[in-house]
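Asks: Dumping the structure here so I can ask a few things about it.
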Amino acid sequence: MEEHVKLVRKVLQKLLEAHLFAKLSKCNFHKEHIDYLGYWILHQGIEMDPAKVRDVIGWEAPKMQWQLQSFLGLANFYHQFILNFAQVALLLTDLLKTKGKDKAKASKPRAPLAWSRECQEAFEELKHLFMAERILKHPDPDKPFVIQADTSTVSVGASCCKKWNQGSYTCVPTFCGSSQRRRGTATGQDFVPIPKLPQESTQTDNYTSSE
């Protein structure tokens, strides 16, 4: 707490020197966590807002396009917390894609979905992944980053990890590769996601699924 008070005073002093003012009614002091735009910011790192997580877990299977869009919009907001998010959600996102004559359906969000057993399984798996407690730990610039890349026939992804004494805390930005990126050798595909990760780290070790 003593260190926290010193840091708060330092921040307030910087604001004062810049002739900036903080409105007391909008300030929170001596809190274990701060709610900020859908996240909980803690001393250890960043967590998903538990209320939003409960919304995802309790979501009923969608029947219309707009219902699926709403679910994926909320789930995708926290994709960096979910390992292999793009791959797990692929069947669901593909339901919203329109081709040829089906483009007219894009303007009909209340159109029924072609919901299958596989879609239901992907939907349940995605919700299940939100049940695990995950935290994005604040990075330590003095320790090396480990970039792990992985690909499959449907998606490419990567994770930026740090090894701590208690284990590995992982930030997992993922994205779904285009059909063009899904082609090629396994080794070549594994290098696709690496440029997507932050380049600011001073020391990184890169690993791919082919190694």
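Under the UniProt record's numbering, the residue at position 60 of the sequence shown is numbered 60, and the numbers go up by one with no gaps.
Built from N, CA and C at the ideal position, the CB exists for glycine as well.
This structure is a prediction, so every number in the text was calculated from the model and none was measured.
Check the C-beta distance from I41 over to F130 and give it rounded, since I have them as a contact under 8 angstroms.
Replies: Not confirmed; about 19 angstroms, so no contact.
Asks: Counting Cβ pairs, one atom from each stretch, are 3 or more of them under 8 angstroms apart for the stretch 73-90 and the stretch 37-56?
Replies: They touch, by the three-pair rule.
Asks: Only counting the same chain, and skipping five residues up and downstream in sequence, which positions put a Cβ closer than 8 angstroms to that of K23?
Replies: Excluding residues within five positions, none has a Cβ falling inside 8 angstroms.
Asks: Where do the ends of the beta strand (DSSP E) carrying W40 lie?
Replies: Segment 39-42, the beta strand (DSSP E) holding W40.
Asks: Once DSSP output is grouped into helix, strand and coil, what is the label at G45?
Replies: Correct three-state label for G45: strand.
Asks: Do L113 and P62 have their CB atoms nearer than 8 angstroms?
Replies: Result yes, Cβ atoms of L113 and P62 sit closer than 8 angstroms.
Asks: Hey, W59 and K127: beta-carbon distance below 8 angstroms or not?
Replies: Contact flag set, yes.
Asks: In angstroms, rounded to a whole number, what distance separates the CA positions of H43 and Y36?
Replies: Cα to Cα, the separation comes out at about 14 angstroms.
Asks: For the beta strand (DSSP E) containing D94, name the first residue and the last one.
Replies: Per DSSP, D94 belongs to no beta strand (DSSP E); it is in the alpha helix (DSSP H), 90-94.
Asks: Return helix, strand or coil for L136, following the three-state DSSP convention.
Replies: Strand.
Asks: Just the Cα atoms here: how many angstroms apart are D94 and G73?
Replies: Spanning the two alpha carbons is a distance of roughly 14 angstroms.
Asks: Alpha carbon to alpha carbon, how far is A122 from V88? Give it in angstroms, no decimals.
Replies: For V88 and A122, the distance between alpha carbons rounds to 6 angstroms.
Asks: At 3 residues or longer, what runs of the beta strand (DSSP E) sit wholly inside the stretch 6-91?
Replies: Counting whole runs of 3 or more residues, the stretch 6-91 contains the beta strand (DSSP E) stretches 33-36, 39-42, 45-48.
Asks: When DSSP builds the beta bridges, which residues end up paired with P112?
Replies: Answer is M64.
Asks: Please classify D190: is it buried, with 16 or more other beta-carbons within 10 angstroms of its beta-carbon, or exposed?
Replies: Because the pLDDT of D190 is 48, which lies under 50, any placement of that residue in the model is unreliable, and the question is left without a value.
Asks: Under a three-way DSSP split, which group does F130 fall into?
Replies: Looking at F130 - three-state DSSP - the assignment turns out to be coil, as it is neither helix nor strand.
Asks: Can you tell me whether I34 is buried or exposed? The criterion is at least 16 other CB atoms within 10 Å of its CB, across all chains shown.
Replies: Label assigned to I34: exposed.
Asks: R117: buried (16+ other C-beta within 10 angstroms of its C-beta) or exposed?
Replies: Under this definition R117 is an exposed residue.
Asks: With a threshold of 16 other CB atoms inside 10 Å of the CB of M1, please say whether the residue is buried or exposed.
Replies: M1 is exposed by the Cβ-count criterion.
Asks: Using CA atoms only, rank isn't needed, just tell me which of G45, N28, Q120, F29 is closest to L68.
Replies: Nearest of G45, N28, Q120, F29 to L68, Cα basis: Q120.
Asks: Can you say whether Q13 is buried or exposed, counting buried as having 16 or more other CB atoms within 10 angstroms of its CB?
Replies: Exposed is the call here.
Asks: In whole angstroms, what separates the C-alpha of L136 from that of C27?
Replies: Roughly 24 angstroms between the two C-alpha positions.
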